[in-house]
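In what follows, a single structure is set out as structure tokens and then discussed.
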Amino acid sequence: MDAVEDVSWWNAFPISPGYLPKFLLFVSVVSVANSMQCYATLKFTKRVYSGKPFEVNGLSSRTFGTWTLLAALIRFYAAYNISNGPVYDIAIGTFVLAGWHFVSEWLWFGTASLGEGLTGPLIAASTGLTWMLLQRDYYLALPAQ
Numbered sequence: 088m089d090a091v092e093d094v095s096w097w098n099a100f101p102i103s104p105g106y107l108p109k110f111l112l113f114v115s116v117v118s119v120a121n122s123m124q125c126y127a128t129l130k131f132t133k134r135v136y137s138g139k140p141f142e143v144n145g146l147s148s149r150t151f152g153t154w155t156l157l158a159a160l161i162r163f164y165a166a167y168n169i170s171n172g173p174v175y176d177i178a179i180g181t182f183v184l185a186g187w188h189f190v191s192e193w194l195w196f197g198t199a200s201l202g203e204g205l206t207g208p209l210i211a212a213s214t215g216l217t218w219m220l221l222q223r224d225y226y227l228a229l230p231a232q
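For the sequence shown, my numbering assigns the number 88 to the initial residue and increments by one for each residue that follows.
See the structure below:
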């Protein structure tokens, strides 16, 4: 079979309409990769918390990795169950918590500084939160998949 004709791999993606479920899947995959690096090295965690990198240690990095993995799991589940109200709302909560965490570490605690390590998480959290809030009624009106 021609590779162009074989699109069975496409069936792995969420079947709900729109790009939000695909965004949730993408953010989940990126978060799993981030979680793995949190267990492997302090290098990237210190980039996020570049305001006080000396406060980053193995325990804090692994804790952050576990927290990120939990958020990834919730977002992954939401990507495939986007019309389930409680799941949708919990996924919104992951973006609220992530946004609060990163903004407070930046502006309140001073452990993070705006730069390459913090910009990506801030964009992901604010984009995810805004998008999910704006599209909530649309996705919750869809039939269950």
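Glycine is no exception: its CB is placed at the ideal position from the N, C-alpha and C atoms.
Check: When the Cα atoms are used, what is the spatial distance from A158 to E192?; Outcome: 18 Å
Check: Considering Y106, what are the terminal residues of the alpha helix (DSSP H) in which it resides?; Outcome: Neither: Y106 is in no alpha helix (DSSP H) and is coded neither H nor E.
Check: Apart from the five residues on each side of it in sequence, which residues of its chain come closer than 8 Å, Cβ to Cβ, to G105?; Outcome: Q222, Y225 and Y226
Check: Taking the C-alpha atoms as reference points, what is the distance between G197 and A231?; Outcome: 43 Å
Check: For H188, which option in E203, L209, S122 and F131 has the closest C-alpha, if you only look at C-alpha atoms?; Outcome: L209
Check: Using 8 Å as the threshold, is the C-beta distance between S122 and G152 below it?; Outcome: yes
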